[in-house]
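Enquirer: Numbered by our numbering, the letters in the sequence shown go through residues 43 to 522 in order. No residue lacks a Cβ here, since even glycine has one placed at the ideal position from N, Cα and C. Quick one: the structure is below, and I'll ask about it shortly.
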Amino acid sequence: MRFHVLTLFPEMIAQGLGYSVLGRAEQRGQLHFHMVDIRDYTQDRHGKVDDSPYGGGAGMLMQAQPVYDAYRSVAAEYESRGGGKIRTVYVTPQGKTFTQRMARELAREEELVFLCGHYEGVDERVLEEIVTDYVSLGDYVLTGGELPAMVMIDAIARLVPGVLHNGESAETESFSGSLLEYPQYSRPEIWRGRPVPEVLLSGDHKRIRDWRLERSVERTRQRRPDLYERYRIRQGFIERFSRQKRRYIHLTELLCRDMAWEECRGENSLLLRVEDTRTYALYAESSEEAERLLAEQGAKLFGKEEGMDLLVCGEEIRDFLVIKYGLVSGDACYQACYTRREPLRVRHRDIRPLTAEALEYVVRRYPAPGRAYIEGRIQAGAVFGIYTEGIEPYPSGFIGLHEDGSMGMLYVEEDCRGQGLASSLEGWLINRHLRRGETPYCRVGETNIAALGLQEKLGLCLCGDLMWRLREKKQPACGK
Ligand code: ADE
């Protein structure tokens with residue numbers, strides 16, 4: 043991932059990011075930090091980049107011209123490589139507060155620009171021209187944008203695959219599951235009379251896991267009652283969903299993987315929206331509950347938003363939504379989930395994420411969800427190709443993760459069928475979920491006998507109830 047930082051103090055940023063984990067990742071070529079000294083772009087003979095504000099007031103403002111030209115030096119190159127408008131973050135106390143969720147979202151970009159203001163700020167006109175995101179570190183004022191930019195870059199960069207040695211540890215730390223991290227201990231066993239908790243020396247992994255979760259919950263309750271309250275409500279729903287585990291596996295996993303936010307909530311109903319997408323998942327005990335839940339927001343959310351996708355269980359609820367909001371129902375499908383803990387044996391192991399060059403290849407073979415959707419999934423590193431001898435550089439098939447985290451988009455080249463490639467692809471993806479502590483699941487069309495057979499063969503449990511994806515009228519239907 044490439045970070046371009048527009049600043050008056052390039053050495054400060056280069057120093058700050060050049061050490062430890064990020065410094066090593068830069069040496070390995072996984073991260074690139076490109077400092078752009080705004081002063082190099084001034085047209086002023088004396089190197090001036092600031093001036094006093096019109097209308098009076100204290101202090102100096104950074105002028106539009108040098109900031110804009112510094113930005114163009116980066117944007118022009120980006121555009122010449124085929125990019126559109128480059129994502130540009132202005133760090134300012136007037137922005138949206140930076141969070142782990144925002145870090146995750148920004149980490150999906152291949153390149154980012156950070157603009158660091160200094161003095162009393164930056165001429166508004168250049169901000170209007172170049173900035174895509176206004177982001178603050180918190181409700182306090184610092185002397186400049188360099189420190190906040192470094193903090194944000196650190197939080198984003200460590201999420202880039204490969205930057206942390208154990209790629210999966212980024213997702214098991216503080217905030218990823220909305221709980222604070224448990225306390226940790228290292229040698230010696232006793233320090234100043236304080237022993238390490240006995241359970242950590244027991245070697246009993248289940249006890250250790252349970253103890254850590256308990257400490258995380260307790261610590262969150264004491265130190266961050268706001269996060270704890272959110273956790274408690276979510277746990278309540280997760281417990282409720284676990285009584286009908288297969289029917290509601292998509293909702294449980296959205297909550298457990300912290301992939302969605304609550305759009306609205308009732309006592310017996312919940313509408314989740316998958317982070318940064320237009321995919322929603324509805325839980326309601328009855329169509330009356332659904333109606334009550336959506337009374338205020340339903341019309342605003344559904345039927346207008348392009349590309350909107352709504353997952354629902356229950357025929358009566360589906361019919362209500364179709365009639366009330368003019369939605370179109372896709373084909374009925376069953377959910378299947380892998381509830382065991384043991385990984386599957388995978389015969390073909392050369393399976394890797396597909397890159398942007400594979401877009402045409404995938405779209406031609408799997409057109410149903412639409413080009414933009416598949417492009418987004420490939421960009422997110424969520425489509426995986428299987429490679430067998432002979433037909434490289436093309437994969438012999440692929441599988442993907444849908445926006446809601448379900449497995450899907452399974453395809454095997456016609457002349458490669460009958461060799462167990464579909465089993466390997468899905469088995470490999472199941473194992474990847476298990477390593478992350480997730481329950482793998484998928485949706486299969488009611489009449490797709492081959493796919494239903496594959497789920498049974500791999501040991502997934504099928505839910506007896508049907509469910510549907512609803513879309514607004516204009517869009518083509520999205521198949522699995
Ligand atoms: N610049 C000055 N203060 C800031 C803050 N709190 N967050 C982001 N940028 C800033």
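Measuring alpha carbon to alpha carbon, tell me which of Arg299, Asp252 and Leu352 ends up nearest Leu312.
Expert: For this step, residue 312 is matched to residue 270 along the sequence shown. For Leu312, the nearest C-alpha among the options comes from Leu352.
Enquirer: To the nearest angstrom, how far is it from the Cα of Asp252 to the Cα of Arg389?
Expert: Working through the sequence shown from its first residue, we reach residue 252 at position 210. Working through the sequence shown from its first residue, we reach residue 389 at position 347. Going from the Cα of Asp252 to the Cα of Arg389 covers about 34 Å.
Enquirer: Enumerate, from N- to C-terminal direction, the unbroken alpha helix (DSSP H) stretches of 4 or more residues contained entirely within the region 340-407.
Expert: Taking only runs of at least 4 residues, the alpha helix (DSSP H) segments lying wholly in the region 340-407 are 340-343, 357-367 and 401-407.
Enquirer: For Tyr436, which residues of its own chain have a beta-carbon under 6 Å away from its beta-carbon, when the five flanking residues on both sides are left out?
Expert: Residue numbering aside, residue 436 sits at position 394 when the sequence shown is read from its first letter. So no residue of the chain qualifies.
Enquirer: Report yes if the C-beta of Thr24 is less than 7 Å from at least one heavy atom of the ligand ADE; otherwise report no.
Expert: The structure shown has nothing for residue 24, since the chain only spans 43 to 522.
Enquirer: Quick check: what's the CA-CA separation for Ala106 versus Phe140?
Expert: Taking the sequence shown and counting its residues from 1, the one referred to as residue 106 is at position 64. Taking the sequence shown and counting its residues from 1, the one referred to as residue 140 is at position 98. For Ala106 and Phe140, the distance between alpha carbons rounds to 25 Å.
Enquirer: Mind checking who Tyr483 pairs with in its DSSP beta bridge?
Expert: As a first step, residue 483 must be located in the sequence shown, where it is residue number 441. For Tyr483, which the question treats as bridged, DSSP gives the partners Cys379.
Enquirer: Which term fits Leu184, buried or exposed, when burial requires 16 or more other beta carbons within 10 angstroms of its beta carbon?
Expert: For the purposes of this step, residue 184 is taken as the residue at position 142 of the sequence shown. The residue is exposed, with fewer than 16 neighbouring Cβ atoms inside 10 Å.
Enquirer: What do you reckon, is the C-beta of Leu184 under 7 Å from a heavy atom of the ligand ADE?
Expert: One-based indexing of the sequence shown puts residue 184 at position 142. Because some heavy atom of the ligand ADE lies under 7 Å away, the Cβ of Leu184 counts as near it: yes.
Enquirer: Quick one: Cα of Ile128 to Cα of Pro267, how far?
Expert: Your numbering for residue 128 matches position 86 in the sequence shown. Your numbering for residue 267 matches position 225 in the sequence shown. Answer to the nearest angstrom: the Cα atoms are 38 Å apart.
Enquirer: So, with DSSP's three-state summary, where would you put Glu281?
Expert: Taking the first residue of the sequence shown as position 1, residue 281 is located at position 239. It is helical.
Enquirer: Which same chain residues, not among the five before or five after Gly58, have their C-beta less than 6 Å away from its C-beta?
Expert: Walking along the sequence shown from the start, residue 58 turns up at place 16. If we look at Gly58 and ignore the five residues flanking it on each side, its Cβ neighbours are Met192.
Enquirer: Give me the Cβ distance between Glu468 and Leu452, rounded to the nearest whole Å; I'm assuming they're in contact under 8 Å.
Expert: For the purposes of this step, residue 468 is taken as the residue at position 426 of the sequence shown. For the purposes of this step, residue 452 is taken as the residue at position 410 of the sequence shown. Their Cβ separation, rounded to whole angstroms, is 7 Å, which keeps Glu468 and Leu452 in contact under 8 Å.
Enquirer: To the nearest angstrom, how far is the alpha carbon of Leu336 from that of Leu206?
Expert: Reading the sequence shown from its first residue, position 294 is the one you call residue 336. Reading the sequence shown from its first residue, position 164 is the one you call residue 206. So the alpha carbons of these two residues sit roughly 42 Å apart.
Enquirer: Please name the residue in Leu221, Asp93 and Arg249 whose C-alpha comes closest to that of Arg274.
Expert: Counted from its first residue, the sequence shown places residue 274 at position 232. That would be Leu221, whose Cα lies nearest to the Cα of Arg274.
Enquirer: Counting only runs of 3+ residues fully inside the region 59-140, write out the beta strand (DSSP E) ranges in chain order.
Expert: Fully enclosed beta strand (DSSP E) runs of 3 or longer: 74-79 and 130-139.
Enquirer: Rounded to whole angstroms, how far is the Cβ of Ile491 from the Cβ of Ser466, which I believe are closer than 8 Å?
Expert: In the sequence shown, counting from the first residue as 1, residue 491 sits at position 449. In the sequence shown, counting from the first residue as 1, residue 466 sits at position 424. The pair is not a contact, with the Cβ atoms about 20 Å apart (cut-off 8 Å).
Enquirer: Give the DSSP bridge partners of Leu324, in chain order.
Expert: Looking up residue 324 in the sequence shown gives position 282. DSSP output for Leu324 lists Leu313 as bridge partner(s).
Enquirer: I need the straight-line Cα distance from Leu189 to Tyr380, nearest angstrom please.
Expert: For the purposes of this step, residue 189 is taken as residue 147 along the sequence shown, with counting starting at 1. For the purposes of this step, residue 380 is taken as residue 338 along the sequence shown, with counting starting at 1. Distance between the alpha carbons of Leu189 and Tyr380: 45 Å.
Enquirer: Going by the C-beta, is Pro411 closer than 7 Å to any heavy atom of the ligand GDP?
Expert: Of the ligands one can find in the structure shown, namely the ligand ADE, none is the ligand GDP.
Enquirer: Is Asp457 helix, strand or coil when you go by DSSP?
Expert: What you label residue 457 is simply residue 415 of the sequence shown in a count that begins at 1. In the structure shown, Asp457 sits in a helix (DSSP, three-state: H, G or I).
Enquirer: Using only alpha-carbon positions, find the residue among Arg474, Glu309, Arg265 and Leu154 that is nearest to His46.
Expert: As a first step, residue 46 must be located in the sequence shown, where it is residue number 4. Cα-wise, what sits closest to His46 is Leu154.
Enquirer: Pull up the distance between the alpha-carbon of Gly479 and that of Arg383, whole angstroms please.
Expert: Here residue 479 refers to the residue found at position 437 of the sequence shown. Here residue 383 refers to the residue found at position 341 of the sequence shown. Computed Cα separation, rounded: 9 Å.
Enquirer: In angstroms, rounded to a whole number, what distance separates the CA positions of Arg229 and Leu324?
Expert: For the purposes of this step, residue 229 is taken as the residue at position 187 of the sequence shown. For the purposes of this step, residue 324 is taken as the residue at position 282 of the sequence shown. Distance between the alpha carbons of Arg229 and Leu324: 48 Å.
Enquirer: Any heavy atom of the ligand ADE inside 7 Å of the beta-carbon of Pro237?
Expert: The residue labelled residue 237 in the question sits at position 195 within the sequence shown. No.
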